[in-house]
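For reference, the structure discussed in these notes is given below.
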Amino acid sequence: MYESIVTILASAGVSSVLTGLILWLTKSWITERLKNAIKHEYDQKLETHKAELKALHDIALEQMKSDLRLNAFQQETRFADLHARRAETIAETYGWLRNLHTLTRRYIGEFGFEGQPSLADRRKDVGKALENFEEFYLSREIFLPAATADRINDFRNKHFKVIYKFKTGVEQGRDERTGKDSWDDSVDMMDNDVTPIFEELKNEFRQLLGDTPETAK
31 MYESIVTILA SAGVSSVLTG LILWLTKSWI TERLKNAIKH EYDQKLETHK
81 AELKALHDIA LEQMKSDLRL NAFQQETRFA DLHARRAETI AETYGWLRNL
131 HTLTRRYIGE FGFEGQPSLA DRRKDVGKAL ENFEEFYLSR EIFLPAATAD
181 RINDFRNKHF KVIYKFKTGV EQGRDERTGK DSWDDSVDMM DNDVTPIFEE
231 LKNEFRQLLG DTPETAK
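Each residue of the sequence shown is one higher than the last, beginning at 31 in my numbering.
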């Protein structure tokens with residue numbers, strides 16, 4: 031009977047061990063399955079997140095490239111428009127200056143030939159040309175380089191002195207009272223002060239339009 035009890039107890043012990051082992055194995059298996067399931071789900075979500083981030087990055091990159099291209103195009107267009115406006119201003123400024131220069135030389139040149147306009151009429155032509163030039167230039171000066179604008183302003187100042195000296199001294203007869211020779215003085219000022227500035231401006235205008243210094247001469 032003692033042996034039977036021992037056998038029963040031994041069987042019960044073995045059964046408990048087996049049961050515990052089975053429970054442990056089952057728990058380990060379930061735990062491992064859960065870990066694998068969680069890892070799989072995490073990996074899937076991670077890959078999805080990476081894909082979403084890459085998609086967002088690609089979209090943002092393409093948008094940035096598009097914005098840069100648009101900005102570059104706008105800058106090029108703006109520069110082209112500005113260059114065209116400057117070229118137009120240069121060409122028209124030269125035209126007005128040339129006309130003013132020609133009429134001024136005609137005003138202070140020789141007169142007295144039959145059919146020639148009077149000094150007063152010539153001065154009126156100069157005055158009208160000057161008025162047209164001033165009206166155009168003062169609204170377009172901003173399109174010219176500062177150095178060019180300064181040179182034009184120098185031309186304007188010296189040109190005014192020539193006209194004033196000739197008008198008061200020759201046309202209005204002041205020289206007859208003072209004994210001065212405003213005619214020769216005006217011609218000298220035109221030749222030595224005004225005309226050189228005009229020639230410099232002509233070359234400068236050509237360079238601004240793309241000519242090299244050699245071809246601008």
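Ideal Cβ placement from N, Cα and C applies to all residues, glycine included.
- For residue 183, collect the residues of the same chain with a Cβ closer than 8 angstroms to its Cβ; drop the 5 residues on either side in sequence, then sort them by chain order. The residue given as residue 183 occupies position 153 in the sequence shown. None.
- Query: Are at least three pairs of beta-carbons, each pair with one atom in the region 200 to 213 and one in the region 224 to 237, less than 8 angstroms apart?
  - Reply: no
- If you draw a straight line from the C-alpha of residue 136 to the C-alpha of residue 153, how long is it? Translated into positions along the sequence shown, residue 136 becomes position 106. Translated into positions along the sequence shown, residue 153 becomes position 123. Whole-angstrom Cα-Cα distance: 9 angstroms.
- Whole angstroms is fine: what's the gap from residue 139's alpha carbon to residue 120's? One-based indexing of the sequence shown puts residue 139 at position 109. One-based indexing of the sequence shown puts residue 120 at position 90. Near 28 angstroms, if we compare the C-alpha coordinates of residue 120 and residue 139.
- Query: Which runs of the alpha helix (DSSP H), 4 residues or longer, sit entirely within the region 192 to 218?
  - Reply: 204 to 208
- Query: Where residue 224 and residue 197 are concerned, what is the direct C-alpha to C-alpha distance, given to the nearest angstrom?
  - Reply: Along the sequence shown, read from residue 1 onward, the residue named residue 224 stands at position 194. Along the sequence shown, read from residue 1 onward, the residue named residue 197 stands at position 167. So the alpha carbons of these two residues sit roughly 17 angstroms apart.
- Query: Short check: CB of residue 117 to CB of residue 201, under 8 angstroms?
  - Reply: The residue you call residue 117 lines up with position 87 of the sequence shown. The residue you call residue 201 lines up with position 171 of the sequence shown. No, the pair does not count as a contact, with Cβ atoms beyond the cut-off.
- Could you give the DSSP three-state label for residue 39: helix, strand or coil? One-based indexing of the sequence shown puts residue 39 at position 9. At residue 39 the pLDDT is 47, less than 50, meaning the model places this residue with poor confidence; the figure from the coordinates comes in the next sentence. In this structure, residue 39 counts as helix in the three-state DSSP scheme.
- So is residue 114 buried or exposed if we call it buried at 16+ other beta carbons inside 10 Å? What you label residue 114 is simply residue 84 of the sequence shown in a count that begins at 1. Classification of residue 114: exposed, given that the 10 Å Cβ count is below 16.
- What number of angstroms, rounded off, separates the C-alpha of residue 228 from the C-alpha of residue 147? Here residue 228 is taken as the residue at index 198 of the sequence shown, counted from 1. Here residue 147 is taken as the residue at index 117 of the sequence shown, counted from 1. If I take the Cα positions, the gap works out to 25 angstroms.
- Would you grab the beta carbon distance between residue 185 and residue 231 for me? Rounded to a whole angstrom, and I think it's under 8 angstroms. Stepping through the sequence shown from its first residue, residue 185 is reached at position 155. Stepping through the sequence shown from its first residue, residue 231 is reached at position 201. That pair is a contact at about 7 angstroms.
- Task: Measure the alpha-carbon distance for residue 181 versus residue 155 and round it to whole angstroms.
- Result: The sequence position of residue 181 within the sequence shown is 151, counting from 1. The sequence position of residue 155 within the sequence shown is 125, counting from 1. Roughly 24 angstroms between the two C-alpha positions.
- Query: Can the beta-carbon of residue 192 be found closer than 8 angstroms to that of residue 134?
  - Reply: Position 162 of the sequence shown holds residue 192. Position 104 of the sequence shown holds residue 134. Yes, the Cβ-Cβ distance between residue 192 and residue 134 is below 8 angstroms.
- Query: What's the C-alpha gap between residue 57 and residue 66?
  - Reply: As a working mapping, residue 57 is identified with position 27 in the sequence shown. As a working mapping, residue 66 is identified with position 36 in the sequence shown. For residue 57 and residue 66, the distance between alpha carbons rounds to 14 angstroms.
- For residue 163, which residues of its own chain have a beta-carbon under 6 angstroms away from its beta-carbon, when the five flanking residues on both sides are left out? On the sequence shown, position 133 is the one that residue 163 refers to. The answer, listed in chain order, is 126, 130.
- Query: Going by C-alpha distance, which of 173, 209, 189 is nearest residue 222?
  - Reply: As a position in the sequence shown, residue 222 is number 192, starting the count at 1. It is 189.
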